[in-house]
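Chains as they are written, first to last, in our numbering: chain W, 156 to 476; chain P, 404 to 790. Yeah, the Cβ is synthetic: ideal placement off N, Cα and C, and Gly gets one too. Computed from a predicted model, the values in this text were never measured in an experiment. Following: one structure in structure tokens, then a few remarks.
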Amino acid sequence: MTFNFLMQNFINALQWGSFYALIALGYSMVYSILMLFNFAHGDIFMVGAYIGLGVATALLALVGTSGAALLPGWLILVLTILISMFLTAFVGIIVERVAYRPLRDAPRASAAITGLMIGIILETSNILFLGGSRLKFPQLIESVTYNIGGVYVTNKKIMIVLVSLGLMLALHQFVRRTKYGMAMRAMAYDYLVIPLMGVSMNRIAAMTFAIGSALAAAAGILFGLAYPVLDPYMGVSFGWKAFVAAILGGRGSIMGACIAGFMLGFIEIMTVPAIQILNRLFALNIGSNLRDLIAYSIVLLILIFRPHGLFGEAYSAKLRL
Amino acid sequence: MKRGAFFIVSLAMVALLLSPSAWAANEIRLGFNIPLTGDNPDVGGSSRNAAEMYLKENPTVNVGGKSYKLKFIYEDNEYKPESAVKINTKLITEEEVLGIIGPQSSSQAVPAGEVANNMATPMISPWSTNPNTTLDRPYVFRGCFLDPFQGPVAANFATDELGAKKAAVIYDIAADYPKGLAENFKEAFEKLHGAGSVVAFESFTTGDKDFSAQMTNIVRTKADVLFIPQYYSEVPLIIRSAKEMGWTRDILGADAWGGGDLMGLCGDDCKGYYFSTHYAAAGAKGATKAFIDAYTAKYGKTPDDVAALTWDTIGLMVQAVKDTGGLSGKIKADRTKVKDALAAVKDFPGITGSMTFTPDGDPKKCAVIVQINDAGQFAFHKSVCPK
């Protein structure tokens, strides 16, 4: 195994982990303040990607009529990300209002089920309106591949990792330094007390859903740039795996979700070269399709020894940094 | 109002129950078992387009000096095996069709073929390349070549024209078509270049989006050619991943590349590569060109291989009905007559090539290698025929 080979897989894993981390954040934040997992979150990621597709197409059409020099590709991309994050935040708020707020006093299992139902509704209405055939995400920026000493990196890969890290950092600062962030942390400590302090529980809950959904939308657009074929079910397996990352990171931990997201990406990607090494060393014939089986067995092992995840604590759900 | 509606529905049902005896006299009924909704609506759409065009050009058939009206019954199998089975049963027992066209994809054609054969009704699948569709089923035929033929075609092409000595393969291990074809290719290539000449045989499972780890392995093996026997919706992501990992050599595909909107999803990434398929629309001549022109004029798009194969399959079925020399009006006896006539068809002049069935119900047909040119068209490169 050469250094190049490891480096190449490292970079691939960094990109793949960015998506898990961004989506896992939404799970973790909602869990910390409402003590429930929003199982529609993977489908909000899908909706975000499709909204991004719509916004990008509309912007491209606008630019097409008024001269391309006005808006270069990267600016369209920035606008697409911002507008889609904004629009998808509303999808999150609506989901919270429709599926979770009426059930605030109901058993947690009921809320989990409504989340799953909302997910199915989002998937099937996509098929209803867009017809179920796969769509291509417009490539807003030219893809350039750099060869750095045998390791191949694309400009998109670098951008995806940087934008994801930037968003995570921004969220960290928001939760730590702003008044709303403080309200979120307070609600995570004790949601019964915060109304006494004049903080509206419903508003903080809606805001948390909005932030989580906006991050999922950003992940969706970045995903569309890297893997430009969108389908209505793209959020299902992705959502589950990001959920695994949220658990692995420790429920309610923001940093935990980020680190576990990247870790999951590494475990998944690195399993393939590991299989290859094993095959060569012991003359085995294991296929790379066993990737998920092996990767998630490792996750299972970690959880057996650290049942509260990497950064979780036994009897606390407070929003930690 | 409600009672009135109920009365009309009852009347209609009674009429339906009574009608089969009425239509047997001067109609030839053919059933279509195709996916009009579900994961692959393009495939069903192309099939119906071709069928409607055929019906418009040939509304009647002359069998043994008697003129029959042709009637097509379209049923949606939703791209699901269980629906395809149900629809075949319905077409055979309720609609009393003389023969069935479809299902198109092997995953539905294999189970549906069982029903057609058990109920002694001739069925032709236009597009299914998996051997099991027709295996040991005298009533089931197909309109295209098989994967055990297509695999060696790709291996020979890679060797002779691309000069490949080492090949890499990436395929979906959880789906019948890619898995079978990948194995056929590997066997044929290793026969030519010795064991171990397929230096990478990487797999993934249906629904995967990231292939970077497999591609890193493949690029490192320094193979001369990469074979991707996948569907049009997966090919763009795999090719992009290959390019991002530094793959600059040839890529070879198979007939599923052509069934759907490959260029719409893939764009410039796919240009310049080759795949084996059933026919090439660009640069066609004679009857094929006439079909393509008529189809394009009617529907505003170039017919894909599904449309062309469906067209030929209908032609084959009608030819077999004519060859019976006269129908008795007894549906069971007539179905067997059509089956025997199908098995005896010699050199049927189809637009996708001339067809003669082997005893298994598979035609001996040539494959076409096309190259995706700079305009995004599938340009004819060469034709490879079975020896």
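>> Please confirm whether Gly336/W has its beta-carbon closer than 8 Å to some beta-carbon of chain P.
In response: Answer no: the Cβ-Cβ gap between Gly336/W and chain P never drops below 8 Å.
>> On a Cα-Cα basis, can you pick out the residue from Gly207/W, Leu234/W, Ile276/W, Asn164/W that is closest to Phe194/W?
In response: With distances taken between Cα atoms, Phe194/W lies closest to Ile276/W.
> Taking Cβ positions only, does Trp229/W come closer than 8 Å to chain P?
Replying inline: False, the Cβ-Cβ gap to chain P never drops below 8 Å.
> Is there a Cβ from chain P that is less than 8 Å from the Cβ of Ala428/W?
Replying inline: The question names Ala, yet the displayed sequence has Pro at residue 428/W. Residue contact check for Pro428/W against chain P: a CB pair falls below 8 Å.
> CB-CB under 6 Å to Pro555/P, same chain, minus the five flanking residues each way: which ones, in chain order?
Replying inline: Excluding sequence neighbours, Pro555/P sits near Ala591.
>> Taking its Cβ as the centre, do 16 or more other Cβ atoms sit within 10 Å of Pro423/P, making it buried, or is it exposed?
In response: Note on Pro423/P: pLDDT 47, under 50, position unreliable in the model; the coordinate value appears next. Taking a 10 Å sphere around the C-beta of Pro423/P, we find fewer than 16 other C-beta atoms and assign the residue as exposed.
> Where do the N-terminal and C-terminal ends of the alpha helix (DSSP H) with Glu647/P fall, by residue?
Replying inline: It spans 638-647 - the alpha helix (DSSP H) in which Glu647/P sits, taken as one unbroken run.
> If we ignore side chains and look at the alpha-carbon of each, how far apart do Ala770/P and Arg545/P end up?
Replying inline: The alpha-carbon separation between Ala770/P and Arg545/P amounts to approximately 15 Å.
> Sorted by chain position, which residues of the same chain lie with C-beta nearer than 6 Å to Met666/P's C-beta, five sequence neighbours on each side aside?
Replying inline: Sequence-distant Cβ neighbours of Met666/P in its own chain, meaning closer than 6 Å and more than five residues away, are Gly779.
> Tell me, which residues are paired with Asp575/P by DSSP?
Replying inline: Bridge partners of Asp575/P: Phe607/P.
>> For the stretch 580-611 of chain P, list every residue whose C-beta sits within 7 Å of some C-beta in chain W, in sequence order.
In response: Of all residues in the stretch 580-611 of chain P, Glu605, Ser606, Phe607, Thr608, Gly610 have a Cβ within less than 7 Å of some Cβ in chain W.
> Expressed to the nearest angstrom, what Euclidean distance is found between the alpha-carbon atoms of Ile642/P and Leu380/W?
Replying inline: Going by the C-alpha atoms only, they are around 14 Å apart.
> Thinking C-beta only, is Val391/W closer than 8 Å to Gly172/W?
Replying inline: Cβ atoms of Gly172/W and Val391/W: not closer than 8 Å.
> If we ignore side chains and look at the alpha-carbon of each, how far apart do Ala425/P and Ala204/W end up?
Replying inline: Confidence at Ala425/P is low in this model, with a pLDDT of 43, below 50, so the placement of that residue should be treated as unreliable; the coordinate-derived value is given next. Between Ala425/P and Ala204/W, the alpha-carbon positions lie close to 55 Å from each other.
>> For chain P, check one thing: does any of its Cβ atoms lie closer than 8 Å to the Cβ of Trp171/W?
In response: At least one chain P Cβ lies under 8 Å of Trp171/W.
> Does Lys491/P get closer than 8 Å to chain W when you measure Cβ to Cβ?
Replying inline: Correcting the residue type first, residue 491/P is Asn in the shown sequence and not Lys. So, not an interface residue.
> For the stretch 427-453 of chain W, which residues have a CB atom closer than 8 Å to at least one CB atom of chain P, in sequence order?
Replying inline: Residues of the stretch 427-453 of chain W with a C-beta atom less than 8 Å from some C-beta of chain P are Val427, Pro428, Gln431, Gly442, Ser443, Asn444, Arg446, Asp447, listed in chain order.
>> By the DSSP assignment, the alpha helix (DSSP H) with Phe393/W in it spans what residues?
In response: Segment 389-404, the alpha helix (DSSP H) holding Phe393/W.
> Considering only C-alpha positions, which residue in the set Tyr634/P, Lys472/P, Pro506/P, Ser615/P is nearest to Glu478/P?
Replying inline: Checking every option, the nearest Cα to that of Glu478/P belongs to Pro506/P.
> Is Thr309/W helix, strand or coil when you go by DSSP?
Replying inline: If DSSP states are grouped into helix, strand and coil, Thr309/W belongs with the strands.
>> For the stretch 267-282 of chain W, list every residue whose C-beta sits within 7 Å of some C-beta in chain P, in sequence order.
In response: For the stretch 267-282 of chain W, which is checked against every Cβ of chain P, not one residue is closer than 7 Å.
> How close, in whole Å, do the beta carbons of Gly407/W and Ala343/W come, if the pair is a contact with beta carbons under 8 Å?
Replying inline: Contact check for Gly407/W and Ala343/W: beta-carbon distance about 7 Å, within the 8 Å limit, so the pair qualifies.
> Residues in its own chain within less than 8 Å of Glu278/W by CB, not counting five upstream and five downstream?
Replying inline: Taken in chain order, the residues that qualify are Asp198, Met201, Pro387, Tyr388, Gly390, Val391.
>> Just checking: is the beta-carbon of Glu481/P within a distance shorter than 8 Å of some beta-carbon in chain W?
In response: Not an interface residue.
> How about Ala372/W and Ala179/W: do their beta carbons lie closer than 8 Å?
Replying inline: No, the Cβ-Cβ distance between Ala372/W and Ala179/W is not below 8 Å.
> chain P beta carbons: is any one of them nearer than 8 Å to that of Ile422/W?
Replying inline: For Ile422/W, not one C-beta of chain P is nearer than 8 Å to its own C-beta.
>> Tell me the DSSP secondary structure of Val543/P in three-state form.
In response: Look at Val543/P here: in three-state DSSP terms it is strand.
>> Does the CB of Lys291/W have a neighbour CB from chain P at under 8 Å?
In response: True, the Cβ-Cβ gap to chain P drops below 8 Å.
> According to the neighbour-count rule (16 or more other Cβ atoms, all chains shown, within 10 Å of its Cβ), is Phe165/W buried or exposed?
Replying inline: Exposed: under 16 other Cβ atoms inside 10 Å.
> For chain W, is any of its Cβ atoms less than 8 Å away from the one on Leu640/P?
Replying inline: Yes, Leu640/P counts as interfacial toward chain W.
> Is Gly670/P helix, strand or coil by DSSP?
Replying inline: Three-state DSSP puts Gly670/P in a helix.
> In angstroms, rounded to a whole number, what distance separates the CA positions of Pro534/P and Ala401/W?
Replying inline: One Cα belongs to Pro534/P, the other to Ala401/W, and the distance between them is close to 46 Å.
>> So, for Ile206/W: in the same chain, excluding its five sequence neighbours on each side, which residues have a beta-carbon less than 7 Å away from its beta-carbon?
In response: Exclusion of the five residues before and after Ile206/W leaves Ser239, Leu242, Thr243, Ala372 as the residues of its chain whose Cβ lies within less than 7 Å of its Cβ.
>> Residues in the same chain with beta-carbon distance under 7 Å from Tyr335/W, minus the five sequence neighbours each way, listed in chain order, please.
In response: Closer than 7 Å at the Cβ level, and outside the excluded window around Tyr335/W, lie Met362.
> Going along the chain, which residues of the stretch 613-626 of chain P sit with their C-beta nearer than 7 Å to a C-beta in chain W?
Replying inline: Here the close residues are Asp613, Ser615, Ala616, Gln617, Thr619, Asn620, Arg623.
>> By the DSSP assignment, the beta strand (DSSP E) with Gly502/P in it spans what residues?
In response: Taken as a continuous stretch (DSSP letters only), the beta strand (DSSP E) holding Gly502/P covers 502-504.
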